[in-house]
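Numbers given in our numbering equal positions in the sequence shown, counted from 1, plus 493.
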Amino acid sequence: MKSVPNTLRPGGAVAEFEERFAKRLPLREKHSKLGAFWHTEFGPLNQVIHVYPYDDLAQRTRVREALAKDTARAQLPSGGSLSWTRKPRL
């Protein structure tokens, strides 16, 4: 399983991130399913976390390679420009 916490800049970035994420999700789920998604409301604010379960590291590697080649998904804006920090965790 891999979780990806994104700390977003303040001022509406969480809502914009969630909109962008929703548009990209059907294309992302062609490669692997989303396990969980949430955002913080207390504690460290402006964080969005999404979790993708994998059977093993080999499956994760295959999915990441396929995502890198997915031109349709690449056409949609990601949330990267809204992030202050992004720290993937395995």
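Here a beta-carbon is modelled for each residue, glycine too, at the ideal position from N, C-alpha and C.
Nearest residue (CA-CA) to residue i, options the options
i    : options                   : result
L520 : A561, S574, S576 and L575 : A561
R513 : A529, G572 and Q540       : G572
F530 : R502, S496 and A567       : S496
A506 : L538, Q552 and S525       : L538
Beta-carbon gap between residue i and residue j smaller than 9 angstroms
i    : j    : result
S576 : N499 : yes
Close-in-space but distant-in-sequence residues of the same chain around residue i (CB under 6 angstroms, 5 per side omitted)
i    : result
T533 : Q540
Where residue i falls: helix, strand or coil (DSSP)
i    : result
S525 : coil
S571 : coil
P498 : strand
Boundaries (first-last residue) of the beta strand (DSSP E) holding residue i
i    : result
Q540 : Q540 to Y545
Sequence-distant residues of its chain with Cβ nearer than 8 angstroms to residue i (five each side left out)
i    : result
V544 : M494, K495, S496, V497, L527, G528, A529 and F530
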